[in-house]
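Here the structure comes first, spelled out in structure tokens, and everything after it is commentary.
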Amino acid sequence: MGLGAVMVGAADPPRGAFGVGALRRDSVVVPFASFDGKRWSSAWPPPGLELTVPIDLRAVPSRWWGPTRALESWQAWTAPSPLMLRVVQPDWVDVHCVRQIGLRTDYLPSTLPPPRTEQPYPKDGLAVSPPQPVERAEIVPSSADEVRSFTRVLTQAFNEAERLVEQRHGHPVARRAREGVEPTIEAVYAFGASPRVYYVEANRRYRELGQFLGECAALAFGTGWFVRDEAGVRPLTMGVDLLPCDRSGASYMLPLGVMRVGGRLFWIAQFSGWDHERFVVIEIKAKTVEVAVSVWGGGC
Numbered sequence: 038m039g040l041g042a043v044m045v046g047a048a049d050p051p052r053g054a055f056g057v058g059a060l061r062r063d064s065v066v067v068p069f070a071s072f073d074g075k076r077w078s079s080a081w082p083p084p085g086l087e088l089t090v091p092i093d094l095r096a097v098p099s100r101w102w103g104p105t106r107a108l109e110s111w112q113a114w115t116a117p118s119p120l121m122l123r124v125v126q127p128d129w130v131d132v133h134c135v136r137q138i139g140l141r142t143d144y145l146p147s148t149l150p151p152p153r154t155e156q157p158y159p160k161d162g163l164a165v166s167p168p169q170p171v172e173r174a175e176i177v178p179s180s181a182d183e184v185r186s187f188t189r190v191l192t193q194a195f196n197e198a199e200r201l202v203e204q205r206h207g208h209p210v211a212r213r214a215r216e217g218v219e220p221t222i223e224a225v226y227a228f229g230a231s232p233r234v235y236y237v238e239a240n241r242r243y244r245e246l247g248q249f250l251g252e253c254a255a256l257a258f259g260t261g262w263f264v265r266d267e268a269g270v271r272p273l274t275m276g277v278d279l280l281p282c283d284r285s286g287a288s289y290m291l292p293l294g295v296m297r298v299g300g301r302l303f304w305i306a307q308f309s310g311w312d313h314e315r316f317v318v319i320e321i322k323a324k325t326v327e328v329a330v331s332v333w334g335g336g337c
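Counting from 38, one number per residue, gives the positions in the sequence shown under the working numbering.
Right, here's the structure in full:
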């Protein structure tokens with residue numbers, strides 16, 4: 038097999054094609070999705086226990102890049118402004134209990150990177166190649182007026198989602214005892230003005246009869262998408278999981294960026310917990326949200 042078999046072919050990539058990746062604080066970019074001008078896909082190899090790391094960028098199999106050419110430079114969207122990075126060489130990193138092939142770059146983080154054993158490993162932003170406009174999701178305090186104004190809508194959506202859990206798996210707390218309790222909002226991310234899109238993480242802790250204040254029997258953890266427009270705030274989708282009180286199994290969002298492509302809106306994020314991480318591209322539509330790509334980023 039000749040060298041050309043593992044290099045990007047001579048054909049031009051589709052117009053508007055680009056790749057996205059997560060920029061780790063140790064300067065490694067992990068590519069996880071590509072856009073060919075119409076749809077998203079994922080061709081980069083997933084994490085594993087046994088890896089064969091290409092010796093240099095030219096040795097990276099062309100199929101790994103998906104619709105793009107080999108991506109030698111990346112635009113990193115980190116605070117306060119984007120910067121250009123150059124790939125030094127392919128490398129591997131620890132991701133929970135497995136390893137992942139990535140692209141080591143010349144990125145210099147503003148803070149000292151933690152040990153490579155820290156999991157989930159900190160991400161400093163979204164990397165894009167070739168360069169594309171990327172906008173940031175806002176972190177909104179849970180005490181903000183705009184959040185407090187839709188707690189009734191959130192509580193109703195939370196209750197409806199929790200009833201589905203009860204129907205499928207049962208519930209240790211009766212509806213009448215739980216549904217009047219307003220969920221505690223943990224995190225809110227927002228984008229846009231009108232419409233304005235929100236992603237919310239919230240919980241309700243439950244105690245059994247006889248337990249003291251601060252003790253816990255179960256935790257209902259909810260995540261949901263909401264939109265505010267001229268008609269008010271309404272839910273797009275809401276899900277609730279009934280978890281142990283140590284929160285094992287919970288996934289939390291780290292928004293990496295928001296992209297407008299061809300009149301469509303995509304929210305790009307990492308979802309992670311103590312023992313797992315996943316990269317997701319979500320299309321925000323008028324009445325729903327759809328997962329365009331969901332890529333396993335490693336776990337135990």
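Every residue gets a Cβ at the ideal spot worked out from N, C-alpha and C, and that includes glycine.
- Put simply, of 174, 83, 78 the residue whose alpha carbon is nearest the alpha carbon of residue 116 is 174.
- The segment 307-323 makes no contact with the segment 167-187: fewer than 3 CB pairs, one atom from each, lie closer than 8 Å.
- Contact annotation: residue 273 and residue 255 have beta-carbon atoms that are not nearer than 8 Å.
- Taken through DSSP and simplified to helix, strand or coil, residue 204 comes out as helix.
- Residue state for residue 126 is assigned as strand, using DSSP reduced to three classes.
- When the beta-carbon positions are compared, residue 103 and residue 80 come within less than 8 Å of each other.
- When rounded, the separation of the alpha-carbon atoms in residue 215 and residue 221 is 13 Å.
- In this chain, residue 95 is not harboured by any beta strand (DSSP E), its DSSP state being neither H nor E.
- By the neighbour-count criterion, in which a residue is buried when 16 or more other Cβ atoms sit within 10 angstroms of its Cβ, residue 267 is exposed.
- Distance from the Cα of residue 200 is smallest, within the candidate group 212, 225, 285, 124, for 212.
- Close CB contacts of residue 336 within its chain, under the 6 Å cut and outside five residues either way in sequence, are with 133, 312, 313 (chain order).
- Between residue 292 and residue 243, the gap from beta carbon to beta carbon reaches 8 Å or more.
- Where residue 183 is concerned, the enclosing alpha helix (DSSP H) starts and stops at 182-185.
- Collapsing the DSSP output to three states places residue 198 in a helix.
- For residue 227, the enclosing beta strand (DSSP E) has its first and last residue at 221-228.
- Contact between residue 139 and residue 67 holds: CB atoms are separated by about 4 Å, below the 8 Å threshold.
- With a contact defined as Cβ atoms closer than 8 Å, residue 191 and residue 237 qualify at about 6 Å.
- Boundaries of the alpha helix (DSSP H) around residue 215: 212-215.
- Annotated three-state conformation of residue 297 is strand, per DSSP.
- Secondary structure remark: continuous beta strand (DSSP E) runs of at least 3 residues inside the segment 282-337, in chain order: 289-298, 301-310, 313-321, 326-336.
- Nearest to residue 333 by alpha-carbon distance, out of 82, 188, 51, is 82.
- Distances from the alpha-carbon of residue 229 to those of 91, 253, 176, 100 put 176 closest.
- Your pair residue 286 and residue 275 does not check out as a contact, with CB atoms roughly 18 Å apart and the cut at 8 Å.
- Around residue 196, the same chain offers 216 as residues with beta carbons nearer than 7 Å, after the five sequence neighbours per side are excluded.
- Residue 193 sits in a helix when the DSSP states are folded into three classes.
- If you ignore the 5 residues before and after residue 231, its C-beta comes within less than 8 Å of the C-beta of 265, 266, 267, all in its own chain and listed in chain order.
- As a beta-bridge residue in DSSP terms, residue 260 pairs with 238, 276.
- Excluding five sequence positions before and after residue 202, the CB atoms of its chain that fall closer than 6 Å to its own CB belong to 277, 279, given in chain order.
- For residue 185 and residue 271, the gap between their C-alpha atoms comes out near 14 Å.
- Judged by DSSP secondary structure, residue 68 falls within the beta strand (DSSP E) whose first and last residues are 65-72.
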